[in-house]
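> Structure below; questions to follow.
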Amino acid sequence: MEEKKVNENESNLPKNFIKEIIDEHNKSGRFNNKVHTRFPPEPNGYLHIGHAKSICLNFGLAEEYKGKCNLRFDDTNPVKEDVEYVESIQTDIRWLGFDWEKRLYFASDYFEQFYEYALVLIRKGKAYVDSLSADEIREYRGTPTEPGKESPYRNRSVEENLELFEKMKNGEFKDGEHILRAKIDMSSPNMNLRDPAVYRIRNTSHHRTGDKWCIYPMYDFAHGFSDSIEGITHSVCTLEFENHRPLYDWFLDEVEAPHHPQQIEFARLNLSFTVMSKRKLLQLVNENIVDGWDDPRMPTISAYRRRGYTPESIRNFAEEVGVAKRNGVIDVGRLEYAIRDHLNKIANRVMAVINPVKLVIINYPENVVEELEAINNPEDETAGKRKIPFSKELFIEQTDFMEDPPRKFFRLSPGKEVRLRYAYIIKCEDVIKDDDGNIKEIHCTYDPETKSGMSNSNRKVKGTIHWVSAQHAIEAEVRLYDRLFNSEDPTGDKKKDFLEFINPDSLEIKTDCKLEPSLADAKAGDKFQFERNGYFCVDTRYSKPGKPVFNRTVTLRDTWAKMQNK
Ligand code: ATP
Ligand code: MG
């Protein structure tokens, strides 16, 4: 990333500057007080969190101003596009909670109209067929400090241009043999105005128009006209198009388009510890570094959904980071915070032991099962209560026991006491080991006078740990996901490949986890807080009846922030 980190307060202007522009237009009556935006993805990959930002912005503006927002596939490059992406993009936008109603459009639906516009330009002497090679065109273009050179084909007659363009359309040439260019200014300080390409030859089938066309319009040409045809008022795009705006306006002005939208640029969302380029995400998929576009470590919407992120939290995050006019990098911790913040309100608390060790309460009767009452969500009274079984043999976390603890260890250790959540205070009496010295069982006694919520005893202990009754436990696999990259800026070092910064510990699979029995009914996609362990969600792909797989959505605290401050 080339962008420098900017002070967040500085990058987030006090009032969303886009709304200020819209308010101005509404005051002057430029668009008759209408707000009509669009989200224009190219169907060449899955949507990621950056797209989510743009979706929230475009659909959000429409909602706020009681306007409309279209979904338009910007499918002008047949080489990279695919229907798989057309489907996934719609699923993801719906899941985020937005609705384009009947306004689903494809730029390819306008190919006929675009062609007519190209003819208008040619007839006006504002476009010509160039026959230089791609290399020559690049050479003639000049540099930001030196003007370009005019092509020897630039002054072809209107008739000749019309005839050649017709032949281009009829498939009489090979890719790259000719190209249609706008005739603007080869010495413009804005490189985009140095006779930009309008149409190129691509003898390739298109996923919607099939073999009907072998010439395809360039993005800058097609985009403004698509906006104009759909009556878009505010064409919101990312900052790298700022220098394209004069071209956007030039095309619309030259063909005297009946409707002329306003292009507005904002800074794209960049997240620390994350790559967002579709090309790089595709590489991660193709090289099997991740398990598909929806691998829960990916920054795609489909991956976030599978991981247990909620649409509300993503929308809150988009709102919270605001709209900036200067590029910067947002700490991924802010996204994780938004996820926790929402899950805290909606996820029921349950007890789950990820690294189990057996604990036996030696003075507890055999064959007795007590049903203890547990609160589902202290943040939400309506979530109610449930019963959890307690018995003589339990599982606790290995990390909640230490044979030789440091001074401030308030969990279980020989001779020490701890409270079992919702149950009793227990005391460690003995540790049973196997021949290799591994702990097999921890033997404890319990104090029957200390039952949670029931006892008059005001005996207090410093630690409370979670547990699961052994005979009632559900077996589960738990996948502990962490950040995919261990560098804040994986693409920042141009001498290194971003793959060098893959975090080798980004996935840890635990196959021997024990869950409380209330989780027997958990369905794919259900979300929980495993007490003391984080937020988890039932995986939609790998879960099987009787053996659920849980994805860790996010830890309870930002462990990375702590590490970085050390
Ligand atoms: P590319 O054009 O390189 O394939 P893209 O990220 O521009 O990738 P598009 O499908 O063209 O992908 O993007 C659709 C819309 O989403 C565009 O309006 C674009 O500006 C917006 N968008 C893409 N990435 C981000 C981002 N990181 N932050 C905000 N908006 C983004
Ligand atoms: Mg794009």
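Under our numbering, the residues of the sequence shown are numbered 517 to 1082, in order.
Just so you know, even glycine gets a beta-carbon here, dropped at the ideal spot from N, CA and C.
Every value quoted in this text rests on a predicted model; they were computed, and no experiment measured them.
#1: Return yes when at least one heavy atom of the ligand ATP lies under 8 Å from the C-beta of R795, else no.
#2: Got a sec: does the ligand ATP put a non-hydrogen atom nearer than 8 Å to the Cβ of C1093?
#3: When burial is assigned at 16 or more other CB atoms within 10 Å of the CB, is A834 buried or exposed?
#4: Tell me which residues share the same chain as T725 and place their Cβ nearer than 7 Å to its Cβ, disregarding the 5 neighbours each side in the sequence.
#5: Quick one: what's K1043 bridged to in DSSP?
#6: So is T1069 buried or exposed if we call it buried at 16+ other beta carbons inside 10 Å?
#7: Apart from the five residues on each side of it in sequence, which residues of its chain come closer than 7 Å, Cβ to Cβ, to D963?
#8: Quick one: is N786 buried, meaning 16 or more other Cβ sit within 10 Å of its Cβ, or exposed?
#9: Count Cβ pairs between the stretch 684-700 and the stretch 629-642 that sit closer than 8 Å; are there 3 or more?
#10: Assuming I780 contacts I981 (C-beta within less than 8 Å), just tell me the rounded distance between them.
#11: For F513, tell me which candidate among D847, F1014, G979, V714 has the shortest Cα-Cα distance.
#12: Across which residues does DSSP place P556 in a beta bridge pair?
#13: Do the CB positions of A868 and F1066 come within less than 9 Å of each other?
#14: So, do the stretch 550-559 and the stretch 595-607 have three or more beta carbon pairs nearer to each other than 8 Å?
#15: At a cut-off of 8 Å, would you count D590 as near the ligand ATP, judging by its Cβ distance to the nearest heavy atom?
#16: Do I958 and L1031 have their beta-carbon atoms positioned less than 9 Å apart in this structure?
#17: In or out: G1062 buried (at least 16 other Cβ within 10 Å) or exposed?
#18: Once you ignore the five residues that flank S1003 on each side, which residues in its own chain have a CB closer than 6 Å to its CB?
#19: Can you give me the Cβ contacts of D590 inside the same chain, cut-off strictly under 6 Å, excluding the 5 residues immediately before and after it?
#20: So, with DSSP's three-state summary, where would you put F1066?
#21: Run through the stretch 955-992 for me and flag every whole alpha helix (DSSP H) of 4 or more residues, listed as ranges in chain order.
#22: When you measure from the CB of M814 to every non-hydrogen atom of the ligand ATP, does any distance come out below 8 Å?
#23: Would you call P922 buried or exposed, if buried means 16 or more other Cβ atoms sit within 10 Å of its Cβ?
#24: Mind reading off the beta-carbon distance from F911 to L928? Whole number of angstroms is fine, and I expect it under 8 Å.
#25: May I ask whether a heavy atom of the ligand ATP can be found less than 8 Å away from the beta carbon of R784?
#26: Taking C-alpha atoms, which residue in R654, C585, I609 lies nearest to H750?
#27: I'd like to confirm something about H567: is its beta-carbon nearer than 8 Å to some heavy atom of the ligand ATP, or not?
#28: Since D608 sits in a beta bridge, which residues does DSSP pair it with?
#29: Would you call the stretch 705-720 and the stretch 567-587 touching, i.e. three or more CB-CB distances under 8 Å?
#30: Between F789 and I638, what straight-line distance do the alpha-carbon atoms span, to the nearest angstrom?
#31: Of all the options E933, Y853, P872, G931, which has the alpha carbon lying nearest to the alpha carbon of Y1051?
#32: Return the residue from the list T1075, K903, L768 that minimises the CA-CA distance to K642.
#33: Is there at least one non-hydrogen atom of the ligand ATP closer than 8 Å to the beta-carbon of S721?
#34: Please name the residue, chosen from V801, T720, K794, R554, that lies closest to Y732 on a Cα-to-Cα basis.
#35: Please indicate yes or no: does the CB of F555 lie closer than 8 Å to some heavy atom of the ligand ATP?
#36: Give the straight-line distance between the Cα atoms of H722 and P594, rounded to the nearest whole angstrom.
Quick look at the numbers:
#1: Yes - the ligand ATP has a heavy atom lying nearer than 8 Å to the Cβ of R795.
#2: For the chain, the structure presents residues 517 to 1082; residue 1093 sits outside this window and is missing.
#3: Under this definition A834 is a buried residue.
#4: These residues qualify, in order along the chain: S624, F627.
#5: Looking at the DSSP assignment, K1043 forms a beta bridge with C1053.
#6: With 16 or more Cβ atoms within 10 Å of its Cβ, T1069 is classed as buried.
#7: So the qualifying residues of the chain are Y940, I941.
#8: With at least 16 other beta carbons inside 10 angstroms of its own, N786 counts as buried.
#9: Contact check between the stretch 684-700 and the stretch 629-642: three or more CB pairs, one atom from each, fall below 8 Å, which counts as touching.
#10: The pair is not a contact, with the Cβ atoms about 54 Å apart (cut-off 8 Å).
#11: Any property of residue 513 remains undetermined from this structure, which presents the chain solely from 517 to 1082.
#12: For P556, which the question treats as bridged, DSSP gives no partner whatsoever.
#13: Yes, the pair counts as a contact, with Cβ atoms nearer than the cut-off.
#14: Three or more pairs of CB atoms, one per stretch, sit closer than 8 Å, so the stretch 550-559 contacts the stretch 595-607.
#15: If you check the C-beta of D590 against the ligand ATP, you find a heavy atom less than 8 Å away.
#16: No, they are not a contact pair.
#17: Per the 10 Å Cβ criterion, exposed.
#18: Around S1003, the same chain offers F1017 as residues with beta carbons nearer than 6 Å, after the five sequence neighbours per side are excluded.
#19: Counting only residues of its own chain and dropping the five nearest sequence neighbours on each side, D590 has a CB closer than 6 Å to the CB of P556, E558, A623.
#20: Of the three classes helix, strand and coil, the one that applies to F1066 here is strand, per DSSP.
#21: Entirely contained in the stretch 955-992, not one alpha helix (DSSP H) run reaches 4 residues.
#22: No - the ligand ATP has no heavy atom lying nearer than 8 Å to the Cβ of M814.
#23: It is exposed - the Cβ of P922 has fewer than 16 other Cβ atoms within 10 Å.
#24: Rounded, the Cβ-Cβ distance is 13 Å, inconsistent with contact.
#25: Yes; taking the cut-off as 8 Å, the Cβ of R784 has a heavy atom of the ligand ATP nearer than that.
#26: For H750, the closest of R654, C585, I609 by C-alpha to C-alpha distance is C585.
#27: In this structure, H567 has its beta carbon less than 8 Å from a heavy atom of the ligand ATP.
#28: In DSSP, D608 forms no bridge with anything.
#29: They do not touch, by the three-pair rule.
#30: Cα to Cα, the separation comes out at about 48 Å.
#31: Nearest Cα to Y1051 within the set E933, Y853, P872, G931: Y853.
#32: Nearest neighbour of K642 by Cα position, chosen from T1075, K903, L768, turns out to be L768.
#33: No, the Cβ of S721 stays beyond 8 Å of every heavy atom of the ligand ATP.
#34: Closest by alpha carbon: T720.
#35: Answer for F555: yes, Cβ within range of the ligand ATP.
#36: Whole-angstrom Cα-Cα distance: 5 Å.
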